[in-house]
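Step one of this worksheet: look at the structure below.
Protein chains: 2
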Amino acid sequence: MAMKALIKCNSKRYPRQRYEFRARIAKALAHPSRLLMLDALAEGEMCVCELTELVGADQSTVSKHLAVLKQAGIVEDRKDGVMTIYSLKTHCLSGMWKCIETVLKENLKEQQKALGE
Amino acid sequence: MAMKALIKCNSKRYPRQRYEFRARIAKALAHPSRLLMLDALAEGEMCVCELTELVGADQSTVSKHLAVLKQAGIVEDRKDGVMTIYSLKTHCLSGMWKCIETVLKENLKEQQKALGE
DNA sequence: CACCATTATGGTATAATTGCCATATGGCCA
DNA sequence: TGGCCATATGGCAATTATACCATAATGGTG
Chain A
-1 MAMKALIKCN SKRYPRQRYE FRARIAKALA HPSRLLMLDA LAEGEMCVCE
49 LTELVGADQS TVSKHLAVLK QAGIVEDRKD GVMTIYSLKT HCLSGMWKCI
99 ETVLKENLKE QQKALGE
Chain B
-1 MAMKALIKCN SKRYPRQRYE FRARIAKALA HPSRLLMLDA LAEGEMCVCE
49 LTELVGADQS TVSKHLAVLK QAGIVEDRKD GVMTIYSLKT HCLSGMWKCI
99 ETVLKENLKE QQKALGE
């Protein structure tokens, strides 16, 4: 007989809320344009018009993307005259992609291996 | 007159593909149940039946979540008789949440400050 | 070989995300 | 003040994600 369910759902150990919080952040990161903007912002603050040109989408689209990032607490904004300047609220996120990229490279290697078979 | 677009979209500096790759990973992380499973898997491999009980969703739902994680290259699976055992392909992801949680705490502090005003 | 346990997959209804247009808002300057 | 510039927001259509049910596929067991 197969071993079954040694671990039951333990809300103390795996509090549902924790993963909802995390998912909110991960969702905010789950779009190429937003990631592009974060990468650019890692080098310094930028106004919406610059980011719009960088991303190459409609200004309203970019504005909404920025709202998502702000809502998640990943960026913050300040007003400078008529412009809104966005900047990273934390720089620790940029480092995390080193790890992610490791996974990606690993995937690639396996794909190539699979193709070779 | 406002300063405009000092930085133009530089595909060398900000290659579109990089952010699509990253978004694929971020999307795979963008669900509470998947994050819960990853946290559990960080402590050791588990079969689908255990994960199903842990998550508390339909078995088919969990199976599809696992497929997403596998597709993203975050987990891998092996067969053991009738069971499929899933395990983390890399452990470096767990560390990344320390950073994310920092952001979350920062958000919370600001919310509290805002409420106090 | 029939049967049960474990997973995976197809179907489908519902919810969430995304993008662009149009438009509102608010600052700046002649 | 009138007009322009930079942003944000509402609306809408199209795509994507998610969940559950039913069911197929596969391995172990009596």
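So the protein sequences, as listed, match chains A and B. At the far end of the first sequence sits residue 115, using the numbering used here, and the numbering has no gaps. At the far end of the second sequence sits residue 115, using the numbering used here, and the numbering has no gaps. All residues carry an ideal CB built from backbone N, CA and C; glycine is no exception.
Practice prompt. Please classify V80 of chain A: does DSSP put it in a helix, a strand, or coil?
Written response: Within the first sequence, numbered from 1, the residue matching residue 80 of chain A stands at position 82. Here DSSP, grouped into helix, strand and coil, assigns V80 of chain A to coil.
Practice prompt. Quick one: measure Cβ to Cβ for L67 of chain A and R32 of chain A, integer angstroms, because I've assumed they're closer than 8 Å.
Written response: Here residue 67 of chain A refers to the residue found at position 69 when the first sequence is read from its first residue. Here residue 32 of chain A refers to the residue found at position 34 when the first sequence is read from its first residue. Between R32 of chain A and L67 of chain A the Cβ distance is about 6 Å, and since that is below 8 Å, they are a contact.
Worksheet entry | Nearest to L39 of chain B (by Cα), restricted to the options B:V73, B:T82, B:M94, B:Q15 | In the second sequence, counting from the first residue as 1, residue 39 of chain B sits at position 41. Of B:V73, B:T82, B:M94, B:Q15, the residue nearest in Cα terms is B:V73.
Worksheet item: Helix, strand or coil for E168 of chain B per DSSP?
Response: Because chain B spans -1 through 115 in this model, residue 168 of chain B falls outside it and cannot be assessed.
Practice prompt. Answer yes or no: does any C-beta atom of chain B fall closer than 9 Å to that of D37 of chain A?
Written response: Position 39 of the first sequence, counting from 1, holds the residue named residue 37 of chain A. Interface residue, yes.
Item to complete: Determine, using beta-carbon pairs with one atom in the segment 38 to 52 of chain B and one in the segment 79 to 92 of chain A, whether at least three such pairs fall under 8 Å.
Response: Because the criterion of three Cβ pairs below 8 Å is not met, the segment 38 to 52 of chain B and the segment 79 to 92 of chain A do not touch.
Worksheet item: Just to confirm, are L27 of chain B and R76 of chain A a CB contact at a threshold of 9 Å?
Response: Within the second sequence, numbered from 1, the residue matching residue 27 of chain B stands at position 29. Within the first sequence, numbered from 1, the residue matching residue 76 of chain A stands at position 78. The answer is no: Cβ separation not under 9 Å.
Worksheet item: Which whole runs of the alpha helix (DSSP H) in the segment 6 to 44 of chain A are 4 residues long or more, in chain order?
Response: Given a length threshold of 4 residues, each whole run of the alpha helix (DSSP H) inside the segment 6 to 44 of chain A is given here in chain order: 14 to 27, 30 to 39.
Worksheet item: alpha helix (DSSP H) containing A65 of chain A: first to last residue?
Response: Reading the first sequence from its first residue, position 67 is the one you call residue 65 of chain A. In this chain, the alpha helix (DSSP H) harbouring A65 of chain A covers 57 to 69.
Worksheet entry | Nearest residue (CA-CA) to L64 of chain A, options A:T100, A:K111, A:D78, A:H29 | Mapped onto the first sequence, residue 64 of chain A falls at position 66. L64 of chain A has its Cα closest to that of A:H29, out of A:T100, A:K111, A:D78, A:H29.
Worksheet item: How many Å lie between E18 of chain B and R11 of chain B at the Cα?
Response: Locating residue 18 of chain B in the second sequence gives position 20, where the first residue counts as 1. Locating residue 11 of chain B in the second sequence gives position 13, where the first residue counts as 1. Per the coordinates, the alpha-carbon of E18 of chain B lies some 15 Å from the alpha-carbon of R11 of chain B.
Practice prompt. Could you list which residues in chain B have their beta carbon closer than 8 Å to that of L34 of chain A, in chain order?
Written response: To locate residue 34 of chain A, count along the first sequence from 1; it is residue 36. Neighbours of L34 of chain A on chain B, chain order: Y12, R14, Y17.
Item to complete: Measuring alpha carbon to alpha carbon, tell me which of B:K25, B:G71, B:L106 ends up nearest Y84 of chain B.
Response: Within the second sequence, the letter at position 86 stands for residue 84 of chain B. Here the closest residue by C-alpha is B:G71.
Item to complete: May I ask which residues mark the beginning and end of the alpha helix (DSSP H) holding T188 of chain B?
Response: There is no way to answer for residue 188 of chain B, as the model of chain B reaches only from -1 to 115.
Worksheet entry | Exposure label - V60 of chain A; buried when at least 16 CB within 10 Å | Along the first sequence, read from residue 1 onward, the residue named residue 60 of chain A stands at position 62. Result: buried.
Worksheet item: chain B partners of L64 of chain A, CB-CB under 9 Å?
Response: Taking the first sequence and counting its residues from 1, the one referred to as residue 64 of chain A is at position 66. Within chain B, no C-beta atom comes less than 9 Å from the C-beta of L64 of chain A; the nearest is roughly 15 Å away.
Item to complete: Tell me, please, whether the CB atom of S20 of chain B is closer than 9 Å to any CB atom in chain A?
Response: Along the second sequence, one-based indexing puts residue 20 of chain B at 22. First, the residue type needs correcting, since residue 20 of chain B is Arg and not Ser in the sequence shown. Yes, because at least one Cβ of chain A sits closer than 9 Å to the Cβ of R20 of chain B.
Practice prompt. Determine the direct distance from the alpha carbon of G79 of chain A to that of D37 of chain B, and round the result to whole angstroms.
Written response: The sequence position of residue 37 of chain B within the second sequence is 39, counting from 1. The sequence position of residue 79 of chain A within the first sequence is 81, counting from 1. For D37 of chain B and G79 of chain A, the distance between alpha carbons rounds to 45 Å.
Worksheet item: Going straight from the alpha carbon of G93 of chain A to that of Q57 of chain B, what length do you get?
Response: Counted from its first residue, the first sequence places residue 93 of chain A at position 95. Counted from its first residue, the second sequence places residue 57 of chain B at position 59. In a straight line, the C-alpha of G93 of chain A is about 35 Å away from that of Q57 of chain B.
Practice prompt. Reducing DSSP to helix, strand and coil, say where G93 of chain A ends up.
Written response: In the first sequence, residue 93 of chain A corresponds to position 95, counting from 1. Collapsing the DSSP output to three states places G93 of chain A in a helix.
Discussion item. Against chain B, with Cβ distances strictly below 9 Å, would S58 of chain A count as a contact?
Written reply: Translated into the one-based positions of the first sequence, residue 58 of chain A becomes position 60. Judged by the 9 Å Cβ criterion, S58 of chain A is not in contact with chain B.
Worksheet item: Which whole-angstrom value is the C-beta distance of C126 of chain B and T82 of chain B, which I expect to be below 8 Å?
Response: There is no way to answer for residue 126 of chain B, as the model of chain B reaches only from -1 to 115.
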